[in-house]
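Enquirer: Structure below; questions to follow.
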Amino acid sequence: MTPAINLLKKARTGYQIHSYTHDPKSASYGLEAAEKLGIEPLRVFKTLLARTEKGELLVAVVPVAGTLDLKAMALAAGVRKVDMADPRDAEKVTGYLVGGISPLGQKKRLRTFIDMSARLLDTLFVSAGRRGLEVELAPAVLADNCGAAFAPIGRP
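Numbering of the sequence shown is given in my numbering, commencing with residue 2 and proceeding in unit increments.
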């Protein structure tokens with residue numbers, strides 16, 4: 002079990018685990034998940050880390066079919082500017098490998114923002130903490146279990 006799954010088990014909340022065989026040659030982890038699980042890419046969300054001008058790391062959860070709007074992320078976080086975090090820093094602080102970073106069960110709890118588009122869905126998919134492993138849950142359940150706020154941070 003991953004820390005993300007353990008967190009959800011402990012919370013006794015509704016979720017479903019989905020697994021698939023990950024292809025190491027895949028260009029996009031999130032789009033691969035959508036394709037292999039047969040779900041719309043708008044329902045699969047990727048977990049990205051951004052760094053503020055003061056060095057604070059932030060978590061952004063956006064649809065795999067789009068990108069993170071860095072200006073919108075800065076606005077949501079109440080900071081002047083954010084840039085994408087170094088992947089090594091992301092792995093170190095979350096405890097997960099790139100391509101399997103979950104917004105749930107990270108080693109260090111960081112301020113987390115989920116794109117507003119998630120609120121339109123009954124359920125969404127995020128990494129369960131390992132490449133080839135996704136968790137399906139309601140957007141509110143995700144937000145509650147990672148202390149996230151919803152904000153318009155994604156771009157199609």
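Glycine included, every Cβ here is placed at the ideal spot set by N, Cα and C.
Reducing DSSP to helix, strand and coil, say where D90 ends up.
Expert: Of the three classes helix, strand and coil, the one that applies to D90 here is helix, per DSSP.
Enquirer: At a cut of 8 angstroms, does the stretch 75–91 reach the stretch 24–38 through at least three beta carbon pairs?
Expert: The stretch 75–91 vs the stretch 24–38: no contact.
Enquirer: Among R44, L122, M74, I102, which one has its Cα closest to the Cα of C147?
Expert: Nearest option by C-alpha distance: I102.
Enquirer: CB-CB under 6 angstroms to L49, same chain, minus the five flanking residues each way: which ones, in chain order?
Expert: Same-chain partners within the cutoff: A61, L69.
Enquirer: Just curious, the beta strand (DSSP E) that P64 is in, first and last residue?
Expert: 58–64 is the span of the beta strand (DSSP E), which, as asked, contains P64.
Enquirer: Using only CA atoms, which one of F46, G67, A75 lies nearest to L58?
Expert: The shortest Cα separation from L58 among F46, G67, A75 belongs to A75.
Enquirer: Over the uninterrupted alpha helix (DSSP H) stretch that includes V136, give me the two end residues.
Expert: From DSSP, V136 is part of no alpha helix (DSSP H) but of the beta strand (DSSP E) over 134–138.
Enquirer: Would you kindly work out how many angstroms separate the C-alpha atoms of P42 and I6, rounded to a whole number?
Expert: In a straight line, the C-alpha of P42 is about 22 angstroms away from that of I6.
Enquirer: Taking only runs that begin and end inside the stretch 93–130, name each unbroken beta strand (DSSP E) of 3 or more residues, in chain order.
Expert: Counting whole runs of 3 or more residues, the stretch 93–130 contains the beta strand (DSSP E) stretches 112–116.
Enquirer: Following the continuous beta strand (DSSP E) through K1, name the residue where it begins and the one where it ends.
Expert: Missing from the structure shown is residue 1; the chain here goes from 2 to 157 and no further.
Enquirer: Could you check which residue in A129, Y16, I115 has the C-alpha nearest to that of G106?
Expert: Closest option to G106, Cα to Cα, is A129.
Enquirer: In whole angstroms, what is the alpha-carbon distance linking L38 and A141?
Expert: Taking the straight line from one Cα to the other gives about 22 angstroms.
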